[in-house]
Structure formats: C-alpha cells, structure tokens
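What follows is a set of notes on a single structure, which appears directly below.
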RNA sequence: GCGCCCGUAGCUCAGCUGGAUAGAGCAGCGGACUUCUAAUCCGCAGGUCUCGCGUUCGAGUCGCGACGGGCGUACCA
C-alpha cells in the first residue's frame, strides 16, 4: 500500500478528529505537527491537552483513551505513544517509508506532491518593466521570483502562463522617444535637449547611431516623433528580451498596453461609470467640461480619488491597468498572480478596489493574488552600492550577472529571502566559489550523489526497488534522519506553493544538503562486500538526488553532475 | 500625517496551520582527508525573538499600542 505523504497525514488526522470528537461530544479540530525533537516519533498532536480543561480529566488519561479509540489504516503507522504531559506521538511504519523511497528514488517528487491545481489555469504576471532601457537588479529579483512562483504552481498541478505586460503608450514612452531624438539630432540644426526627466543611458546613443544609418539623418522632432518612439520601444524590448534570456527566463506572452487603447480602456471606464456608490457614479468629470475623468476611489475605501483620463485625453497608467486586469479576468483563469515591486503598492490596491467594484469582492479576492516584493540593495566590500534609476547609474541585470559570474547563483541567492523582506545582496559572497556560498552547498550535494551513482554503475550496483529489499537497512541515525527529511518535502513543497513563497524551498534544499552531507561523511554507499546495503543506500541516494533535482528545477537552477 | 512591509545570535537571514529545549549560513575558537568529490563533516561559543499590554492551557507566530528602518502617498510606471 502506498500513501502519498499528504494523504497519510490526512488519514491520521481524520482518525484523530473522529476519536477526539467522539470523546468531546462535539466537532474537534486536530493539528498535527512534527515533534521538534528526535525520539518522539514522526507526528505529534497536543489535542489531549486542548481537551483536558473541558473534560476535567488529566491530559494523559485523555490521550490514552484517544489512542484506544483510533482506527488507523493498515500498514501506515507502526507505533503510537503518549509522551510528556499528554502528547500523542505516531511513528510511520517501515513499509510506508520504503514505499515512499521507492517512488521518490525512481520517479522523483512529482507523484508525491498534492496537486490542487490539477486541471486549473493560472496566469503569473511579472517583470512588466517599461520598455525604456535594460532591466535592473530590482527587475532581476522580480524575474527570478516570478519564475519560481510559476514553477511552484506547476509542481502542484497548475497549468501556468507567464505574462509580461509592457507599457508602450504612456508618457514615459514619449520621453524615451524624445531622449532618443535628442541624441540623434545632437550637433545638427534641429538639435533638442534631453527632456526633463528624460533618459540618459548610454545605450540610447547606440540606438541613435543605428537609426541614423538605417533611416538617414533627415528625421526631425517632433515631426517624426512616431519613428523615434517606435525605434526606441523596439530597441528597448530587444534589450529586455536579451536580458531575460541571459537569466534563462521565457514568457508565454508579451501583452502590450497599447492593444487596450482605446477600446478596452473606454469599456472599462464605461463599466466603472455604471457603478454607483451613495447615489454617485464612480467616474466623475472635474472640472466640468474639461474632459478630465476621475475614479471615485474614496467610495471604495481608498484614501484618494485618482485621475484616469487627463484633460488632454491621455490615460494615466491606472486606466489601462484596470482594463488589463479586466482582460485577464475575462480570459478565464482560476488564479491570477501579480508580482510587483513595493513601489506599486498604491496602484495595485487602487486597481484591486476598482476590480472588486466591477466583478465582486469575493471573486477578486479568491482569484487575484498580489506579491509585492521589497527592494534590493547591492553590497560590495561591505558597503551599499548607490543606485538611482533615471540618472542611469543603476546596476543592470546584465552587469549583476556578469559580476556574479553565474545566472544560477544570482537566481538562487535572490530566492533565499522572502519577497516582503528587503534584501542586501552581497556581491562578494555571490562571487565566491566556496563553502560560504549557499548555492554551491546544495549543488555540491547533488554532484556528490551523481559521483556515487557513477561509481555504483561502474561496479554494476543499482538501487533496491523490490518491496522488502530495504528491510533491516537504512537504520543508522544519519540514514533515518535523511529519510524523514525527504518524507517531509512533498508536503512542505505544496505548502510553499499554496503560500506562493519560493524562498522556503531554498531552506528545504539546504536542509536536505545538510542531511545528505552528514550521512555521506559517516557512511560509505558503494561496498562490494555488502551488496544489499549498497542497493538500499543507492535508493536513498537516488531519492535525495531526485528531490534536489526537482526542487532546483522548480527554482530554475541547474543541478550539476560534476563540480 | 496616512497606507503597506520589515524588526529573531556580532553580520545576513529561516522559523510552515499558535505547540515539547528558538534554528541555519557567515564571522570566532578547536578537531577530521590513504576512502563514492574536504565546495564537506564534527564539536564549542554566541539570544530579554525591538519594547509594552492583551487573547490562549500555550505566543517569535494572533490583536492593540509605542519605538526603529524601508517603500509608497503623481494628471510617472
């Protein structure tokens, strides 16, 4: 009999719930947790202590009675004990662990992880940087985060589409075009200055030269503004594509803001104006007759009303943002994930409020999940690297990866912090190819296992796969710790996915690596004089290898066969 | 001022639905390579979980308040 870890826990919990509810004469909730310390079994519950005050009996007595009421499935649990003040502890049977290891060692993590997303579709929007220049370190964090969240959803069964929304029609696009024109026209009679708040990056000079050689020198500003804008946008998107390629991230779709203009935006505004709160439409014009349209966000619990259409007829970014999200909702996804930098908080909440007004709060809350990540500070030689965006002295994603020397290291290190936490990225640590670098620690464990398996294959040894072949084996403390560790991975992975928190995966990876390195140090795997033990340990190694491979794969980090 | 996030070891940070003695890496100290990779392991030391009040049988975790830091508070995105 094979139990998936989450099923095993559910069966045990159900049994405890039934027993406890029977005893208490009412429905009782039971929480199961791994005992913090070894020697107390694999799973424990304190339900007896919770029931004690209500029943007026000593917790231990209640625990004993509960144990006698338990109906557990055959072959799952080998030992139930009452410990300490009244904890009930359970130990999984060997046959449960053995079956688990066989699946993990042969098929990997996939069949062992709960798949609540099976048959459902998710859209993850991330990066969504304006096409105005190369991606910077902030985008890098977001790209890595989005990719890991996507991977995590896929592990739990979701069909995921990765989408990049780019603003190619607002004021910034014009400013970029004008900045390009300024460079292009430099030294010519029609010379114009770089606009205030314009873009100063060196990359624009290259674009200007290319434009001059492809279109000649006869263009002028503002007469040919569309040419400049189009050229700048095209080149900026090229830059972004190549930056993403460097990081190894691919999107399923690039969604253009301008494709929403004007129809979809007008429709969104019309729909909003049909919504009334306290007798007034959510859309109002002020000053009257100016054409300036406001969204009455204060009626939706937000602190300020915001302009959607300026008096010159141009949309502010919130208008297409709302239209874009309506479009995503209309496309019929079961889950929409938005990943933004923390500077988008206000906008994001405004958009969410508008969507709730149009689609219903419940639907929006259950479908849309927003991850707002904090900023990144680069640290070099113990000091913060100063960065500012428009002045063009920011560090680009490309420079970062080149300095670190590896996209994998960059990706992994970005994922070791939770999204909501501000991150100091230590360039010196990232660059070091040593034990101080947490990426190598994990990759090294994988490479070591690969080495063991190569040795085993050369000697004709292979992992145990027959039922019963593990009996009496893998009993050493280091082996048991490792098995237990692995058994917890599927459930924890599913929890990471549910919480959309990939950083926890790096914790799990580090724990597996620690447990493996420790095991490796103590015990030799391949031993021609002990073929049975060799096979058992090889299965354990294969299980470890597959787990590391699958988790690293989820994060988009390579698992090297040799280092 | 208001909104959101963060505050855990000297430093950088984990801590899953509230559970048994709060963890890891780095830095510090002391050990282990004739072996399937020492990019490793083992040990020692290091804590008023910012502070206060509250909820609970039980709080790093939940609530309220204070303090400190970050981000936002645009008719930029």
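Residue numbers (the working numbering): 2 to 564.
Glycine is no exception: its CB is placed at the ideal position from the N, C-alpha and C atoms.
This structure is a prediction, so every number in the text was calculated from the model and none was measured.
Query: So residue 41 is in the alpha helix (DSSP H); what residue range does that whole segment cover?; Result: Looking at the DSSP string, residue 41 is not in any alpha helix (DSSP H), and its letter there is neither H nor E.
Query: Taking all protein chains shown into account, decide if residue 80 is buried (16 or more other Cβ within 10 angstroms of its Cβ) or exposed.; Result: exposed
Query: With distances taken from CA atoms, which of 133, 157 and 164 is nearest residue 144?; Result: 164
Query: Touching or not, the region 394–404 and the region 440–448, by the rule of three or more beta carbon pairs under 8 angstroms?; Result: no
Query: Considering only DSSP beta bridges, list what residue 137 is partnered with.; Result: 397
Query: Near residue 351, what residues of its chain come up, given a Cβ to Cβ distance below 7 angstroms and the 5 sequence neighbours on each side ignored?; Result: 298, 303, 307 and 319
Query: In its own chain, which residues sit with a C-beta less than 8 angstroms from the C-beta of residue 504, not counting the 5 before and 5 after it?; Result: 416, 417, 418, 419 and 420
Query: With contact counted as at least three CB pairs below 8 angstroms, one residue from each stretch, are the region 115–133 and the region 337–355 in contact?; Result: yes
Query: Provide the residue span of the alpha helix (DSSP H) that contains residue 295, from first to last.; Result: Element bounds for residue 295: not the alpha helix (DSSP H) but the beta strand (DSSP E), 294–296.
Query: Quick check on the DSSP output: the alpha helix (DSSP H) that includes residue 454 runs from which residue to which?; Result: 439–459
Query: What does the alpha-carbon distance come out to for the pair residue 93 and residue 408?; Result: 40 angstroms
Query: Should the region 108–123 be regarded as contacting the region 151–163, the criterion being three or more beta carbon pairs within less than 8 angstroms?; Result: yes
Query: Thinking residue 540 and residue 489 are a contact (beta carbons under 8 angstroms), I'd like their distance in whole angstroms, please.; Result: With 8 angstroms as the limit, residue 540 and residue 489 do not qualify as a contact, their Cβ atoms being about 18 angstroms apart.
Query: What does residue 424 pair with, by DSSP beta-bridge criteria?; Result: 377
Query: Taking only three categories from DSSP, how would you classify residue 83?; Result: strand
Query: I think residue 258 touches residue 168, with their Cβ atoms under 8 angstroms apart; what is that distance to the nearest whole Å?; Result: 5 angstroms
Query: Just verifying my parser: in three-state terms, what is the DSSP assignment at residue 466?; Result: coil
Query: Indicate the three-state DSSP secondary structure (helix, strand or coil) for residue 419 in the structure shown.; Result: coil
Query: For residue 252, which three-state DSSP category applies?; Result: coil
Query: On the DSSP letters alone, give me the boundaries of the alpha helix (DSSP H) that residue 324 sits inside.; Result: 319–331
Query: Are the CB atoms of residue 265 and residue 336 nearer to each other than 9 angstroms?; Result: no
Query: What does residue 485 pair with, by DSSP beta-bridge criteria?; Result: Residue 485 is not bridged to any residue.
Query: Along the chain, where does the beta strand (DSSP E) that runs through residue 342 open and close?; Result: 336–342
Query: Quick one: give me the first and last residue of the beta strand (DSSP E) that residue 92 is part of.; Result: 88–93
Query: Closer than 8 angstroms is the cut-off here; do at least three beta carbon pairs connect the region 365–372 with the region 199–213?; Result: no
Query: If you run the structure through DSSP and keep just helix, strand and coil, what is residue 386?; Result: coil
Query: Just tell me which of 172, 67 and 95 has its CA closest to the CA of residue 4.; Result: 95
Query: By how many angstroms is the C-alpha of residue 433 removed from the C-alpha of residue 260?; Result: 45 angstroms
Query: From what residue to what residue does the alpha helix (DSSP H) around residue 509 run?; Result: 504–523
Query: For the region 101–155, which segments carrying the beta strand (DSSP E) assignment without a break, of at least 3 residues, lie completely within its bounds, in sequence order?; Result: 122–126
Query: Are residue 87 and residue 53 closer than 9 angstroms when you measure CB to CB?; Result: yes
Query: Bridge partners for residue 369 per DSSP, in chain order?; Result: 337
Query: Please check the pair residue 42 and residue 82, which I expect to be a contact at CB under 8 angstroms, by giving their CB distance rounded to whole angstroms.; Result: 7 angstroms
Query: Distance, Cα to Cα, residue 103 vs residue 275?; Result: 60 angstroms
Query: If you follow the beta strand (DSSP E) that residue 206 is in, where does it begin and where does it stop?; Result: From DSSP, residue 206 is part of no beta strand (DSSP E) but of the alpha helix (DSSP H) over 204–216.
Query: Check for me: the alpha helix (DSSP H) holding residue 157 runs from which residue to which?; Result: First-last for residue 157: undefined, no H or E at that position.
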